[in-house]
Amino acid sequence: MVELFSLLNGLHKEEIKTIKASFKKVNADEESLFMEGLFSIILSAKGRFIQDKELSVMVYGQEKLLAIAKLKSRLFQFILEILSSDAVLSKELLYDHSDYQVVRIRKKIVQFRVLYRKKFKVETTVMYHL
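In structure tokens form, the structure reads like this:
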């Protein structure tokens, strides 16, 4: 997944700090530890693309191509979740206030859709809280 390497190489130092701090907030299960290790390995490569076989050996100690593909995908999604969080977006200088508001409205729409689909399991007053 070349996209993961491109994403990580395009991050600013503050974004990297935020992502590292987010690893500490996640439950320290084996998968999150592997994800944090993969993050560190790719950052230490300094822009050099590392093949999946080599990455797998570095992370797992053996060749597990399917597992490393899943791990890379999960790390990519994790980073996107962090970068699109309100805390990061509010600090980002590239976005103006209207961009921030658009993102917040879209998140509210998604939250509403989730609650609407659970309408028989959740009281309707929960939706009014949005």
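Quick note on my numbering: the sequence shown kicks off at 6 and runs consecutively. Note that the Cβ used here is the ideal one computed from N, Cα and C, for glycine as well.
Each residue's CA atom was taken as its position, placing GLN56 and TYR121 some 43 Å apart. Contact between the stretch 74-84 and the stretch 25-43 is present: three or more C-beta pairs spanning the two stretches fall below 8 Å. By alpha-carbon distance to LYS25, the top candidate from LEU88, TYR65 and PHE54 is LEU88. Excluding its 5 nearest sequence neighbours in each direction, PHE54 has C-beta neighbours in its own chain below 8 Å: VAL7 and PHE10, listed in chain order. Rounded to whole angstroms, VAL93 and THR23 show a C-alpha spacing of 8 Å.
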